[in-house]
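**Q**
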Amino acid sequence: MNEAPDVILLRSADEPDPYVSAFWEAKLRAVCEPVLAFAFPHQSALQARLEQRDRYGGLIATSPRAGTALERLFADREELAHAWRGTTVYVVGPKTAEHLRAVGLDPRGAETGDAQALANRIVEDDLAAPLLFLSGNRRRDTLPEALRAADVPFEERVVYETRPRSSLDLPSSDGSTWLVFFSPSGLEAVDRADAVDPADYRVAAIGPTTGTALEEAGHSVEAVAAEPSPDGLVAAITAADTGQ
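Letter by letter, the sequence shown follows residues 4 to 247 of my numbering.
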C-alpha cells in the first residue's frame, strides 16, 4: 500500500507545480487531485463585449480561468488583443495576476487576498468608466454586492463554467493528512463523492472565502492561508502543525 501523502491539494497540477514544490521545500509530500472541470461556452458573447473597448475602464478577474478565456480569444485575434494590452485588471491572488499578465494586461490587487478586500481597493481607485467583470457561473456574491453598495459601475459577463468531476478517488488519510480546498466549488465535488469524508482529514482552505464556505457546511477548518499562494498555504499548515 502506498504511503499516505502529507497534503492533498484539490486542484489540477501545473508542471512543475508551485504548491507541490513549496511543500517539498517544507519537507511535506503533497499531491494534486483535480476535483473540478472547466468549460468556456460563452466566447462569442465575451468577444462582443471586448470589441466595445472604449466602453470600459478596465476588467475584474478573480480566477485564472478568466485569464484562460481571454487567452483563447486573443490567440487568433491580434487586433483585439492589442486594443486591451496594458489595460488594468483587478485580481485576487498572485496566480490570477500571473495569468492575466501573460495575456498582456496590467493586474492590480493581487495582494488583497479576498473579494471584500479587492472591492475596497477598487472603491479607493474611484473609477468613472464601468469595469467588465469576467466571472464564472458559481461565483459568490461578495464582490458584486460590495461594488453595488459603493456605487462602482460594472457589468458582469460569465466567461467560464465550473463543473464537478464525475468521479473522485482521493488517497486515504492516516489521520494527519491535510485536505486543502481551493474554492467552494471543490466542496461540492467532494460532497458528491460518497467514498470521501472530509472528517477523515485535517481541512485547510486557500483563503477566507473558501474557509467560510467550509465552516458553513459544518466542516472544521484548521488552517486558512493568509495569502492565496504556495508560501501562504505552507505557512498556514506548518503553523497549525506546530501549534502556532
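Beta carbons: idealized from backbone N, C-alpha and C, even for Gly. All values reported here derive from a predicted model rather than from experimental measurement.
#1: Could you name the residues that DSSP lists as bridge partners for Pro156?
#2: From Tyr93 to Asp20, what distance separates their C-alpha atoms?
#3: Residue range of the alpha helix (DSSP H) that Tyr22 falls in?
#4: Helix or strand or just coil, what does DSSP make of Glu101?
#5: What do you get for Arg142, buried or exposed, if any count of 16 or more other CB atoms within 10 angstroms of its CB means buried?
#6: Suppose the cutoff is 7 Å on Cβ atoms and the five residues either side in sequence are ignored; what does the same chain contact list for Thr241 look like?
#7: Specify the secondary structure class of Ala3 as computed by DSSP and reduced to three states.
#8: Would DSSP call Ile125 helix, strand or coil?
#9: Classify Ser179 as buried or exposed, calling it buried when 16 or more other Cβ atoms lie within 10 Å of its own Cβ.
#10: Can you grab the Cα-Cα spacing for the pair Pro8 / Gly61, in whole Å?
#11: Grouping DSSP H, G and I as helix and E and B as strand, with all else coil, what is Thr165?
**A** The relevant details are as follows:
#1: Looking up residue 156 in the sequence shown gives position 153. DSSP lists no partner for Pro156.
#2: Here residue 93 refers to the residue found at position 90 when the sequence shown is read from its first residue. Here residue 20 refers to the residue found at position 17 when the sequence shown is read from its first residue. Their Cα atoms are separated by approximately 24 Å.
#3: Looking up residue 22 in the sequence shown gives position 19. Residues Pro21 to Glu28.
#4: As a first step, residue 101 must be located in the sequence shown, where it is residue number 98. It is helical.
#5: Here the question's residue 142 lines up with position 139 in the sequence shown. Counting Cβ neighbours within 10 Å, Arg142 comes out buried, since at least 16 surround it.
#6: Along the sequence shown, read from residue 1 onward, the residue named residue 241 stands at position 238. Once the five neighbours on either side are set aside, the close Cβ partners of Thr241 are Ala29.
#7: Past the edges of the chain, shown from 4 to 247, lies residue 3, and the structure says nothing about it.
#8: Sequence index remark: in the sequence shown, residue 125 carries index 122 (1-based). Correct three-state label for Ile125: helix.
#9: What you label residue 179 is simply residue 176 of the sequence shown in a count that begins at 1. Exposed.
#10: Reading the sequence shown from its first residue, position 5 is the one you call residue 8. Reading the sequence shown from its first residue, position 58 is the one you call residue 61. C-alpha separation (whole angstroms): 42 Å.
#11: Position 162 of the sequence shown, counting from 1, holds the residue named residue 165. DSSP places Thr165 in strand when its eight states are reduced to three.
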